[in-house]
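Trainee:
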Amino acid sequence: MAITVKVQVPGTTANCGSGFDAVGMACTIYNDFELTLTEKPGFSLKVTGEGAGAIPEDDRNIALQAIKLVFEKVGQNYQGIQIKMHNRIPLARGLGSSAAAIVAGLVAANEAAGGKLTKQDILDMATQIEGHPDNVAPAIFGGITVSTVSGDKQNKKAHCLRFMPDKLLNLIVAVPDFKLSTKAARQVLPEAVPLKDAVFNISRVAMLIGALSQGEFQHLGYGLEDRLHQPYREKLIPGMQDVFKAANKNGALGSAISGAGPCLIAFAEGNTKQIGDAMVAAFAKHNISASYYELSIDPNGAKVIS
Ligand code: HSE
Numbered sequence: 053m054a055i056t057v058k059v060q061v062p063g064t065t066a067n068c069g070s071g072f073d074a075v076g077m078a079c080t081i082y083n084d085f086e087l088t089l090t091e092k093p094g095f096s097l098k099v100t101g102e103g104a105g106a107i108p109e110d111d112r113n114i115a116l117q118a119i120k121l122v123f124e125k126v127g128q129n130y131q132g133i134q135i136k137m138h139n140r141i142p143l144a145r146g147l148g149s150s151a152a153a154i155v156a157g158l159v160a161a162n163e164a165a166g167g168k169l170t171k172q173d174i175l176d177m178a179t180q181i182e183g184h185p186d187n188v189a190p191a192i193f194g195g196i197t198v199s200t201v202s203g204d205k206q207n208k209k210a211h212c213l214r215f216m217p218d219k220l221l222n223l224i225v226a227v228p229d230f231k232l233s234t235k236a237a238r239q240v241l242p243e244a245v246p247l248k249d250a251v252f253n254i255s256r257v258a259m260l261i262g263a264l265s266q267g268e269f270q271h272l273g274y275g276l277e278d279r280l281h282q283p284y285r286e287k288l289i290p291g292m293q294d295v296f297k298a299a300n301k302n303g304a305l306g307s308a309i310s311g312a313g314p315c316l317i318a319f320a321e322g323n324t325k326q327i328g329d330a331m332v333a334a335f336a337k338h339n340i341s342a343s344y345y346e347l348s349i350d351p352n353g354a355k356v357i358s
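To convert, take the position in the sequence shown, counting from 1, and add 52; that gives my numbering.
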């Protein structure tokens with residue numbers, strides 16, 4: 053007998069400006085993931101949609117690695133594995149495509165193996181694989197998450213506070229037509245930052261979380277400001293400041309790099325089309341073609357569909 057589990061996982065936007073490596077948000081863009089376990093030995097993995105042809109369909113696949121990790125931990129009796137990934141989250145753009153793949157693999161494998169792992173177990177395992185929790189946490193729990201990590205490199209424990217604003221917040225994500233790996237976007241960051249910049253970010257991120265949790269979105273403009281990573285990453289994203297200015301001029305409450313970029317995200321209450329069009333036009337002035345998504349916050353996180 054075979055068993056099939058279908059899972060849907062949201063994309064995520066990490067950092068939100070000031071919350072570098074700590075804050076994340078689940079977004080209403082989803083990857084579909086199907087895991088079938090069979091008694092007959094065999095293996096197949098097929099990727100369709102975003103990343104088809106670029107994502108490995110063998111042992112290097114990160115979702116497959118996540119599945120194997122679950123089975124090592126909880127055991128299972130099947131011999132064959134078939135995986136189908138249908139992706140809508142663009143690859144290497146700052147919308148959490150790798151976190152979505154890891155979480156999909158962990159959640160699907162856990163469900164197929166009898167659901168022994170808790171969401172906290174899944175968060176710890178996902179953080180171990182991804183290296184940081186700010187994308188995997190919202191992909192698991194949905195909503196907005198603040199995450200911290202304790203423990204050493206081999207035994208990371210993630211701690212996550214999750215909340216959901218009671219008002220609609222529009223997320224307009226401009227997607228430029230080039231990829232940027234997280235690794236490359238981290239290589240431009242300094243080893244140390246001036247104390248005044250650290251203090252600047254502490255006040256901004258406190259404002260950010262207060263504004264989001266209280267639904268006082270008028271404070272988001274300041275809350276999104278950052279001096280820890282965006283100034284250093286600006287050179288990797290041509291036109292970044294002009295895109296921010298275009299979004300804000302057209303009614304956005306504030307804007308930031310989505311994750312490690314190169315997507316740029318504007319936060320708004322309405323005016324989404326004007327903001328998205330203006331962001332794309334600003335990129336075009338720097339000879340970068342772009343498109344945009346009009347999203348909002350996904351409240352659910354990874355869901356087992358069947
Ligand atoms: N917090 C991470 C970074 C997110 O900015 O490098 C990458 O997905």
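Heads up, the beta-carbon is just placed ideally off N, CA and C, and yes, glycines get one too.
Computed from a prediction, not measured in an experiment: that's the story for all the values here.
Would you call the CB atoms of F85 and A156 closer than 8 Å?
Mentor: Going by C-beta atoms, F85 is nearer than 8 Å to A156.
Trainee: Looking at C-alpha atoms only, which residue of R112, T170 and G262 is the closest neighbour of F215?
Mentor: Answer by Cα proximity: G262.
Trainee: Which two residues bound the contiguous alpha helix (DSSP H) that contains A298?
Mentor: Per DSSP, A298 belongs to the alpha helix (DSSP H) from M292 to K301.
Trainee: Give the range of the alpha helix (DSSP H) segment to which Q134 is assigned.
Mentor: That residue, Q134, is in no alpha helix (DSSP H); its beta strand (DSSP E) goes G132 to N139.
Trainee: Return the CA-CA distance between D249 and R279, expressed in angstroms with no decimal places.
Mentor: Going by the C-alpha atoms only, they are around 6 Å apart.
Trainee: Taking the alpha carbon of D73 as the point to measure from, which residue in Q270, V201 and H138 has its own alpha carbon closest?
Mentor: Cα-wise, what sits closest to D73 is V201.
Trainee: With a threshold of 7 Å on Cβ separation, who are the neighbours of P242 within its own chain once the five nearest residues in sequence on each side are excluded?
Mentor: Excluding positions up to five away in sequence, the list reads Y284.
Trainee: Indicate the three-state DSSP secondary structure (helix, strand or coil) for I174 in the structure shown.
Mentor: In the structure shown, I174 sits in a helix (DSSP, three-state: H, G or I).
Trainee: Excluding sequence positions up to five away, which residues of its chain have a Cβ less than 7 Å from the Cβ of D350?
Mentor: Excluding positions up to five away in sequence, the list reads P62, A78, C79, T80 and G194.
Trainee: Who are the near neighbours of L158 in its chain, counting only those whose CB is closer than 8 Å to its CB and skipping five residues on each side?
Mentor: Once the five neighbours on either side are set aside, the close Cβ partners of L158 are A118, I119, L121, V122, L169, I174, M177 and A178.
Trainee: Using the Cβ count rule (16 or more neighbours within 10 Å means buried), how would you classify N222?
Mentor: Buried: at least 16 other Cβ atoms inside 10 Å.
Trainee: Are there 16 or more other CB atoms within 10 angstroms of the CB of D229, so buried, or fewer, so exposed?
Mentor: Exposed is the call here.
Trainee: Express the C-alpha separation of V356 and I133 in angstroms, rounding to a whole number.
Mentor: Going by the C-alpha atoms only, they are around 18 Å apart.
Trainee: Name, in chain order, the residues that DSSP records as bridge partners for T100.
Mentor: Looking at the DSSP assignment, T100 forms a beta bridge with H138.
Trainee: Quick check on this structure: which residue in Q326, K301, I289 and I327 has the alpha carbon closest to the alpha carbon of I340?
Mentor: Cα-wise, what sits closest to I340 is I289.
Trainee: How far does the beta strand (DSSP E) with F319 in it extend, from its first residue to its last?
Mentor: L316 to A320 is the span of the beta strand (DSSP E), which, as asked, contains F319.
Trainee: Ignore the nearest five residues each way along the sequence and tell me which others in K208's own chain have a CB closer than 8 Å to its CB.
Mentor: Cβ neighbours of K208 beyond the five flanking positions: D176, T179, Q180, V201 and S202.
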